[in-house]
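Following the numbering used here, the numbering of the sequence shown begins with 4 at its first residue and continues without gaps. Here a beta-carbon is modelled for each residue, glycine too, at the ideal position from N, C-alpha and C. It should be emphasised that the depicted structure is a prediction, and the values quoted were computed from it without experimental measurement. To keep things clear, I will list the structure first and then write my remarks on it.
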Amino acid sequence: MRGGAQSHLVEADDGHWYVVKFRNNPQHHRVLVNELLASAFLDYLKIAAPETALVEIGPAFLAANPEVHIHLGTRRVEIEPGWHFGSRYPGDPARTAVYDFLPDALLPNVVNLDDFRAILVFDKWVGNADGRQSVFYRALIRQEMARQETPRSEPGAGRAGFVARMIDHGFAFNGPNWDFPESPLQGLYARRLVYDAVRSLDDFQPWLDQVRNFPEEVVDLAWKRIPPDWIAGDEDALDQLLERLFERRKRIAKLIEDCRGTRVNPFPNW
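Given below as structure tokens:
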């Protein structure tokens, strides 16, 4: 797969395909912690993102699949057996086309454009140092599901539409740095059309209130899911990071308003 983490698309024994980031990826093992925490938070907030899993890759699999490895410059690096982070691919890659770009003429056909506002609230909260990344795929959407925040493809009658999924959260918390640098451009999606419905801060509800009142038990449960070898020696640093994350909740509205001061206002109707 493209990207600095050198992820691989792997079929797991549960029958699903996953984009797998390895613990010894070139970006740092902390990006796996970031991905796992982000996936738990996004699930609670009901923002459209792939389902995730811990994927165990053993010596037998690696021996049978020598193409699964990492390059550092001209040097080949073997994957370390153990637990890695998997982001589920939306279907069978041989049959499901997934796009990381849609032209403006097709973006209005995305049935969950609201999720681009939701994910901006999230990205400002967690200090995502990347621009917003998403993928799109076509699905039959039942009419009653078309207005849901996280529509899912269902069998039976429906209309064809594009579904967006928010991906790649390794650079939440500024990636391996585990801090919160602030830039008005961080977390924004490159296509302003997804923000056309924004008229005021009210258009970032209910997600602003959900983040302001985010329950500590969701964070605690996510912490406990992290494999010990992902955070060995980093336990205190992670505790401090999450304390600072909670302190940021009351500042999210201001961080979103600051986006309007950029050279190109991403909210043309606000």
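Quick one: residues in its chain with C-beta nearer than 6 Å to the C-beta of residue i, no 5 flanking neighbours on either side, listed in chain order?
i, result
"P230", "W86"
"G18", "none"
"D133", "F174"
"W226", "none"
"D103", "V138"
Consult DSSP for residue i and reduce its assignment to one of helix, strand or coil.
i, result
"E81", "strand"
"Q30", "coil"
"Q136", "strand"
"I255", "helix"
"V36", "helix"
"A43", "helix"
"R263", "helix"
"F274", "Nothing can be reported for residue 274: it is not among the residues displayed for the chain, which extend from 4 to 273."
"E147", "Per-residue confidence for E147 stands at a pLDDT of 38, beneath the threshold of 50, marking its modelled position as unreliable; the derived number appears in the next sentence. Three-state DSSP puts E147 in a helix."
"A51", "coil"
"A142", "strand"
Here's a check: name, in chain order, each residue in its chain whose Cβ is nearer than 8 Å to the Cβ of residue i, leaving out the five neighbours to either side.
i, result
"N268", "C262"
"S203", "W273"
"I82", "F25, N27, I60, L65, V71, H72 and I73"
"P271", "R195, Y198 and D199"
"Y92", "L12, H19, W20, Y21, V22, P53, T99 and V101"
Mind checking if residue i is an interface residue toward chain C, Cβ cutoff 8 Å exclusive?
i, result
"N27", "Within the model displayed, chain C is absent; a lone protein chain is all it includes."
Considering just the uninterrupted stretch of the beta strand (DSSP E) at residue i, what are its terminal residues?
i, result
"W273", "W273 -> no beta strand (DSSP E), and no H or E assigned at all."
"A56", "T55 to I60"
"L110", "Segment: none, L110 is in no beta strand (DSSP E) and carries neither H nor E."
"L12", "H11 to E14"
"Y21", "W20 to K24"
Output the boundary residues of the alpha helix (DSSP H) element that contains residue i.
i, result
"K127", "D117 to V129"
"E70", "That residue, E70, is in no alpha helix (DSSP H); it is neither H nor E in DSSP."
"L245", "E238 to E250"
So, for residue i: in the same chain, excluding its five sequence neighbours on each side, which residues have a beta-carbon less than 7 Å away from its beta-carbon?
i, result
"L245", "V222"
"A193", "G134"
**Item:** Cβ contact check for the region 111 to 120 and the region 33 to 48: 3 or more pairs under 8 Å
**Value:** no
**Asked** Fully enclosed by the region 151 to 233, which beta strand (DSSP E) runs are 3 residues long or longer?
**Response** 162 to 170
**Item:** Touching by the beta-carbon criterion (3+ pairs, under 8 Å), the region 182 to 191 and the region 5 to 23
**Value:** no
**Asked** Should the region 98 to 116 be called in touch with the region 135 to 142, which here means at least 3 C-beta pairs below 8 Å?
**Response** yes
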